[in-house]
Amino acid sequence: MALLLALFSACEEIFLREDEPDTPTNNFEIFWNDLDQHYSLFEVRNIDWHNLYKIYRPQVNDEISSDELWTIMTEMMENLDDSHTTLFDGNFSYKAGYAVNEQSIAEFDGDLIIDQYLEFHHFVSSEDNLSYGKLKEKNIGYIYLGSMGGQKPSVIDKIINELEQYNAIILDVRQNTGGDDRYSARIAKAFSDGEHLIYSVETRNGVNHGDFDNKNFYYSGFNPSISYNKPVIVLADRKTISAGEVFLLYMKSFAHVTQIGDTTAGDFSTVSNMRFLPNGWTYLYSIQKFLLPNGESLDGIGHIPEVYVRNSQADINSKKDIVLEEAVEYLFDQYQIE
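Under this note's numbering, residue 339 is the last one in the sequence shown; the count climbs by one each step, no gaps.
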């Protein structure tokens, strides 16, 4: 038989045959079984995948439409609450649990911050959504980092050199879409207070839900000549995700860093390569688990802020960012910085 597409997982290569039946039942079975054998977070997220099969499989037969199959599969996916698990039909995509994260888009306005709160502001043209400045009438620097997808994270050293004169920095990672964990680590190094064990990673490597390879350990870098160790406030929200959350793993290990805002998405894992179904749909899913030094996972939980505060749509409409204002108040209350 001819082979059409090769699919790769952390532990094996799977082939989708050219003559694989394109029926609702077969598409469902391939999808469910693939996740059953390779998805990494069933135990961490306390998901009974086999019980979900008993609930959703009886709803599938070869007479249902593509729209009906889409609804059944995405409803089953939603139980994972993992936006790294995504289904694509060629026109639309569905990310499990993403709707809650997406609500925070209305709670942030970067232009508002530039117009209302910053004395000066510079975009870093070489990077993806990185900018910095200074708060008006405050001895406080400001950095916005909206992605971990840039090419030259060492540019943070130049930024820190320019902001070193200020008594605190507010580092804003709200709406951070993630990217490369190595980028996160390099940015965090500019704020490090020493070498710490930050987290470990295990990759699913067997058919049992508890089958994982040996842990890989990750430590914070440290260069005292470029490190900013004055008070740092990190602003985060529900759309701070993936490598943005890995960044917070590093930052929250440093004694001078405080998180303010909302709880983050709780989606850390690296994703699989693209997977394929006979009907042309494609999908991705989590293949690893990230663990704190104590062995716990923040997947499905996220980083919980020391100070919880969110903007409302009314705040944004009134040209106010109360999350940023809370950070300024915190710096004054805790460190007498103004």
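Idealized CB from N, CA, C, for every residue including glycine.
Here the structure is a predicted model, which means the values were calculated and not measured.
Output yes or no for whether 8 angstroms exceeds the beta carbon distance between residue i and residue j.
i: A107; j: E79; result: no
i: V45; j: S298; result: yes
i: S287; j: T86; result: yes
i: S84; j: D238; result: no
i: E246; j: G301; result: no
i: M149; j: D181; result: yes
i: L332; j: I141; result: yes
i: R205; j: H51; result: no
i: S254; j: S221; result: yes
i: L131; j: V125; result: yes
i: L1; j: Y99; result: With the chain covering 2 to 339 only, the question about residue 1 has no answer from this structure.
i: D173; j: G151; result: no
i: W282; j: D158; result: no
i: I115; j: L325; result: no
Please name the residue, chosen from the options, that lies closest to residue i on a Cα-to-Cα basis.
i: I188; options: S41, F223, K240; result: F223
i: Y200; options: K159, F277, P294, K137; result: P294
i: T265; options: L136, Y229, V235, Y54; result: V235
i: S228; options: L285, D214, A169; result: A169
i: G134; options: Y167, N215, K153; result: Y167
i: D35; options: K321, I338, L278; result: L278
i: S155; options: F192, T271, Y54, H122; result: F192
i: S66; options: I305, F269, N280, E307; result: N280
i: L198; options: Y251, D173, I171, K190; result: Y251
i: K137; options: S126, F124, I171, K55; result: I171
i: A186; options: A256, F248, H257; result: F248
i: G296; options: N217, T24, L53, D173; result: N217
i: D194; options: E103, V258, N215; result: V258
i: F93; options: Y284, V310, E326, Q176; result: Y284
i: F269; options: R276, W282, K290; result: K290
i: K55; options: W33, N47, E64; result: W33
i: R175; options: N162, T241, H122, Y184; result: T241
i: D37; options: M77, V233, I305, E163; result: M77
i: V308; options: P22, E330, E165; result: E330
Can you tell me where the alpha helix (DSSP H) holding residue i begins and where it ends?
i: G111; result: 111-117
i: Q60; result: From DSSP, Q60 is part of no alpha helix (DSSP H); its letter is neither H nor E.
i: L42; result: Neither: L42 is in no alpha helix (DSSP H) and is coded neither H nor E.
i: D316; result: 314-318
i: I321; result: One point to set straight first is that residue 321 is Lys, not Ile, in the sequence displayed. Premise fails: K321 is in no alpha helix (DSSP H) and is neither H nor E.
i: N162; result: 156-164
Which one or two residues does DSSP pair with residue i in a beta bridge?
i: V329; result: Paired residue(s): none; V329 is not in a bridge.
i: A169; result: I141
i: Q260; result: V235
i: T87; result: K96, L285
i: Y336; result: Answer by DSSP bridge pairing: none, since Y336 is not bridged.
i: Y184; result: Per DSSP, none; premise fails for Y184.
i: K240; result: Answer by DSSP bridge pairing: none, since K240 is not bridged.
i: L70; result: The partner list for L70 (beta bridge, DSSP) is empty, contrary to what the question assumes.
i: H123; result: Y133
i: N217; result: V202
i: V101; result: Beta-bridge pairing links V101 to no other residue.
Could you give the first and the last residue of the continuous beta strand (DSSP E) run that contains residue i?
i: I199; result: 198-204
i: L249; result: It is not in any beta strand (DSSP E) - L249 instead sits in the alpha helix (DSSP H) that spans 244-252.
i: T283; result: 283-285
i: K135; result: 131-136
i: F192; result: Element bounds for F192: n/a, residue is neither H nor E.
Does any residue of chain D have a CB that is nearer than 8 angstroms to the CB of residue i?
i: F32; result: Included in the structure is just one protein chain, with no chain D present.
Is it a yes or a no for the segment 25-42 touching the segment 65-76, going by three-plus beta-carbon pairs under 8 angstroms? yes
Is it a yes or a no for the segment 314-322 touching the segment 132-150, going by three-plus beta-carbon pairs under 8 angstroms? no
Are the segment 204-213 and the segment 32-49 touching by the rule of at least three beta carbon pairs closer than 8 angstroms? yes
Evaluate the contact criterion for the segment 58-67 versus the segment 252-265: three or more CB pairs, one atom per stretch, below 8 angstroms. no
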